Each structure stands twice: as structure tokens, then as C-alpha cells.
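Using full-length UniProt numbering, you'd call the opening residue of the sequence shown number 1 and step up by one each time.
C-beta atoms are modelled at their ideal positions from N, C-alpha and C, and glycine is treated no differently.
Just so you know, these numbers come straight off a predicted model, no measurement behind them.
See below for the structure under consideration.
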Amino acid sequence: REGDVRLFGGGVADGRVEVYHEGQWGTVCDDGWDLAEARVVCRQLRFPGARSVVIGKDYGTAPGPIWLDDLKCQGTENYVSTCAFKSWGTTDCSHKEDVGVICSNATDGNSTYSLDHSISLSDERGQIFDSGSGCDFSISVMTATGNTEEDGTPEMASTTVCAHKAILSQFPLFNASEGTAGITVDISPACQPNFSSFIRYIYTRKMEVTYSSVQCLHWLASKFGVKQLMEDTGRLFTQILPEDASFHTQVSLYEYAVETGDIVLQENCIQYLAWNYQNLTSSPAWTQLSVQLLGALLLRSDLVVPDEYFLLWNVESWIREKGASISSEAQVDLLKRIRFPMIPAEELYNLEPNSSLYATHEAMYQKNLLKAFQFNVLLFSNLKSNPKFDKDDDDYRPRIYTAEPWSTTMTRTQNRRMPSSKVITTPVHNSLIFKNNKIQWEANVFNNQQECSNRGVRCESFPSARLAPQSSLTEWRHILFRNRLLLMCQGTYIFQVQDFKNNMAVNGSRVPAYPCPDDQYTHQFVVRPEYCTRKLDIN
């Protein structure tokens, strides 16, 4: 069943943790695991307790994706799937990091044995709701018909759902307390057909959700505090985000997520907009963006753009389009989120005569141009010697820049598979002082184990991508490369961004953040150097 767990590759009470989701078994990454998470696994499997977490053990070939990462349990939950986690399939782990547990399996005279017939409980509670037998709480559902009464007030249609206080009292926002006979709820006509199914879900904890009903069910779950349904429907939104090339759906869903306070949905929407920012800027929704949404995008390091100068020009254009509707303070706040040190030195020199807003916000531009020129002509050791220098400032960290020479693309053609390798040459760093210090990188896409073996690497799934320097990086030990792999679906939208571990990015190590029909996608490799600012980076 959905959410079931099992232990694989060990004994009766130990093994790799595997979770069942969307029809297949997958594993769990060991990031952050301790006995709290292990206790939940063992409790779900009906063991009396957990002895330890197992990290780094080889249990054999993993069956499928890594379903869960950054799992955080209190230790009191009955099911792993009710613990906090990012979303199904979102991870930066490989199967080498699959977690295992050892459960307590001791038996003595005080042992207890579970008699569990709860599998039928959901259907039985559904039958109670359907029959209406013994219901004691009336919910009047009011919906505007679109017509008006004689006195000019909106005409309302009413339907009634009868439920049980004992069931609804789990969610205080229903106000199903003693002495209350019912409530009245105003909902939109689009949501009215789904209301009864929503109440039935509270009884059964299961339901069928369609793309046409998902936003309504999410809204109802938010309104009445049904957190699990709100989170689950929020994750379903990722399936529909790529479908609207106008970006109106993505933008409206983000604003809706802010309104309802759904952090998961907010992140899913803004991540898609960040990865596909260039498409967003040429869409009908671009000029309708709120200041708050554009500001949130400009804070992100996973924003995919040709370069930072493109981003500055783009934001200036958006501000001009808005005109007097955006205050001077809001303009400055947006422009300050541009990472001026990341702008190529040649473009910095041309910025003053080419910028349409330089004269309006001259002080802000001059301050950031000085900061950028210092970054381009001084060694990092000199920058750090200035007491005003903030090494943790995001202005000194790159976004995902796709312009030459920082990226290369490998594409399948109709009649032949993708070429197996490409070589690109980049500066060792984007600062001007490193302009003539070059590094060669080999980008590979391996389609079988033989191709992996030819390069002396082991691949866990196919296709697998690799981006490796062709010379030692020891000389540049104070520069860190946080390279990225972009997967673009059918040449239209980015549906996944992966980082590299030991030069490898393996598609099979995670479920795509957004769907891509028929797996028709291209690989874009992006080199991203930055200065090491922490001892951990250097190590």
C-alpha cells in the first residue's frame, strides 16, 4: 500500500529502509538520520523498538528512486510518510547513501503482539459518511449562482452535508464542539462539487484527485486546517506547472500559495520560475509579476540566466514597464538584489552610459560598481583583509549562468543518440584577474556501463552525466566549483537541476522535480566557480 515500508537485504529485523510510493519501492537518504527516524520505521513494521541506524552499508542493488531525503521525525509518529520531508523524490543523494536500520526483535514473557485489522477501517468509515447514519453536525454550503435577488443581493444556492462531530472535532476550524449543531460555509461554484468528497476524505483519509479539483481541495484543506491533504495536494501542483507556456498558472499558483501560507507550494512554484526565468521574461505574465515575487526570484542562487548583466537589463526593463506604479524605494530594493560583482568587467565599464536607471539611482549604482570592480581586480585574500568585507554576502556567489564559456549542451538527434563527450574551456574563475587562467572540462553522458568503465567510473543508472576537470585543481584550492546539470524537456523548459558529487550527476538518483513526457530532454552542463569562504569548503 501507499506509504508502506520494508527492510531489504538484511535479516528479519534489519536492512535497507524502502518506502512504497506511486506503485514502486524506493529508498531513503541517510542525511540527518538518528534514532528518532529509526523508531518510526520500526514502529510501522511492528517491532518493539529501534537499536541503531546503519549508514554506508551495501545491501545490494537498489530497486528504484530515492523517495525521501532530509526526513525529520519526532520519533512518536506511526508512519514514516507523516514525518516532515521536502517532497517525494527530491534529493541530492546517491544510492550509496541509502539508510538502513536495525530494529529490536527481543521476545520475552512481557512481549506484546499486534492484532491489526485497520486495513478495512478507511472503507468502513466511508460507509458511515455515505449512509449519514447518526450524523449530528450539519454543514450548509452556500454558493453564488451569478444571479441577483430582487433587493440586489447575490443569489445563493444552498446544499447540505451531514457529518459527525466526533470525526470533524479533530480539526478545530470546523467548530464542531458540544452545543454546536452546524456551520455555514461560503465557497466558489467551482469548488462546490468537491466539498462532499473533501468531507469524506476526513473520514477515510483517501480520495481521487484530478487536475481540475486539486486547487479547490487544497484551498479547502487550508481553510479547515487539514494539513496532510494540503501538503499532498500541494505536491501535485508540480505535475501541472509545465503545462502553461504563458506562465499565468505558475504565477497565480505562487500568489495563491502565499495567501494560504503553503510553504511547499510556494517553493515548488518559485523554483520552477527560477529555473525557467528566461522563458518567464518573454511570457505574457512577465509584466504582471508582483514586486514581491520578482524580489523573491532575485534572492535565489538557482536562477538560470545567461549572465548577471542580462538579469540587470531585464529588471531595469521591468521597472520601466511598471512606471510610476512602483515606488523609488521598491526600485532600489530590487536593483540592490542584482549581484554586481558577478557582472563581467567589460559590461561593468559600459553600464553607466547604457543603463536607463543609472541617473535616477546614481548612489546605489556607484556603490555597487565599486564593489564589483574591487571583486574583479583584487585577490580574494586582499578582499578579506578589508574589515568591511562580508565573505558571506550572496553578491559574491554565482547564479546558474548559461552564456559562453560557462556551459555546453549535449542533445539527442532524431536518428542517433547523444554524443558521448564534449570538451569545454573556462576561466578558473569569473573574476577579471583570472581571465587568462584556463581549465578544460570533459562533459560526458554515459548510456551504458561499458562507456562508464572506459572512463574508469561506476554508474548507478542510465543515462548518467559526468563533468570532470582535465587537470589538477590543487593550484586553485581556494576556488570551489559548484557545477550544475540542467535537464531541459523537449527544448522548452528546465524540469530538473542537479549538482555533481565526485564529478558525477546521475539521473536515477532522484525523481524529476517536474514531469517530462517520454524522457525527451537535453543535458546542459554549467561550470560555477566561487571563492571558498569557509574552512569546510576548503576541506
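Residues near residue i in its chain [Cβ-Cβ closer than 7 Å; skip 5 each side]
i, result
"residue 348", "369, 372, 373"
"residue 366", "none"
"residue 356", "316, 320"
"residue 451", "420"
"residue 397", "301, 530"
"residue 93", "29, 31, 66, 69, 509"
"residue 437", "427, 428"
"residue 280", "247, 273, 286"
"residue 296", "270"
"residue 352", "358"
"residue 488", "494, 521, 522, 524"
"residue 389", "383"
Three-state secondary structure assigned by DSSP to residue i
i, result
"residue 320", "helix"
"residue 387", "coil"
"residue 524", "strand"
"residue 312", "helix"
"residue 295", "helix"
"residue 248", "helix"
"residue 272", "helix"
"residue 462", "coil"
"residue 470", "coil"
"residue 441", "strand"
"residue 365", "helix"
"residue 231", "helix"
"residue 414", "Confidence in residue 414 is poor, its pLDDT being 47 and thus under 50, which makes the residue's placement unreliable; the coordinate value appears in the next sentence. Reduced to three states, the DSSP call for residue 414 is coil."
"residue 240", "coil"
"residue 267", "helix"
"residue 126", "helix"
"residue 356", "coil"
"residue 325", "helix"
"residue 541", "Look at the range of the chain in this structure, 1 to 539, and you will see that residue 541 is not part of it."
"residue 280", "helix"
"residue 378", "coil"
Other residues of its chain near residue i: CB distance less than 8 Å, five sequence neighbours each side excluded
i, result
"residue 327", "none"
"residue 440", "423, 424, 425, 469, 470, 471"
"residue 287", "318, 321, 322"
"residue 239", "211, 514, 515"
"residue 148", "154, 155"
CB-CB length for residue i against residue j, believed under 8 Å
i, j, result
"residue 376", "residue 432", "4 Å"
"residue 315", "residue 338", "7 Å"
"residue 34", "residue 99", "Not a contact, Cβ separation roughly 11 Å."
"residue 483", "residue 528", "6 Å"
"residue 236", "residue 209", "6 Å"
"residue 204", "residue 122", "4 Å"
"residue 50", "residue 42", "4 Å"
"residue 462", "residue 444", "Between residue 444 and residue 462 the Cβ distance is about 12 Å, and since that is not below 8 Å, they are no contact."
"residue 408", "residue 525", "5 Å"
"residue 137", "residue 168", "6 Å"
"residue 343", "residue 312", "7 Å"
CA nearest to the CA of residue i, picked from the options
i, options, result
"residue 260", "285, 301, 216", "216"
"residue 201", "402, 354, 187, 233", "233"
"residue 257", "280, 219, 243", "219"
"residue 532", "495, 20, 393", "393"
"residue 359", "332, 421, 520", "332"
"residue 243", "530, 519, 522, 514", "514"
"residue 505", "467, 527, 476", "467"
"residue 72", "312, 61, 85, 78", "85"
"residue 129", "420, 163, 119, 120", "163"
"residue 477", "135, 381, 236, 20", "381"
"residue 115", "159, 46, 140, 166", "46"
"residue 465", "523, 435, 493, 511", "523"
"residue 91", "428, 7, 77, 69", "69"
"residue 1", "206, 183, 48, 157", "206"
"residue 15", "352, 103, 190", "103"
"residue 519", "502, 230, 492, 193", "492"
"residue 434", "385, 449, 378, 442", "378"
"residue 18", "57, 53, 62", "62"
"residue 21", "89, 58, 74", "89"
"residue 399", "25, 44, 303, 192", "303"
Nonlocal neighbours in the same chain, by C-beta distance under 6 Å from residue i, ignoring five residues either side
i, result
"residue 225", "171, 173"
"residue 81", "3"
"residue 361", "332"
| Which residue spans inside the region 485-512 form an unbroken beta strand (DSSP E) run of at least 3? | 493-499, 504-506
| task | Quick one: which unbroken beta strand (DSSP E) runs of 3-plus residues sit fully inside the region 153-187? Chain order, please. | result | 154-163, 182-186
| said: Report the start-end ranges of each alpha helix (DSSP H) in the region 181-222 that is 4 residues or longer and not cut off at the edges. | reply: Fully contained in the region 181-222 are the following alpha helix (DSSP H) runs of length 4 or more, in chain order: 195-204.
| request: Can you check the region 20-57 for any beta strand (DSSP E) of at least 3 residues that lies completely inside it and give the ranges in chain order? | output: 24-28, 49-55
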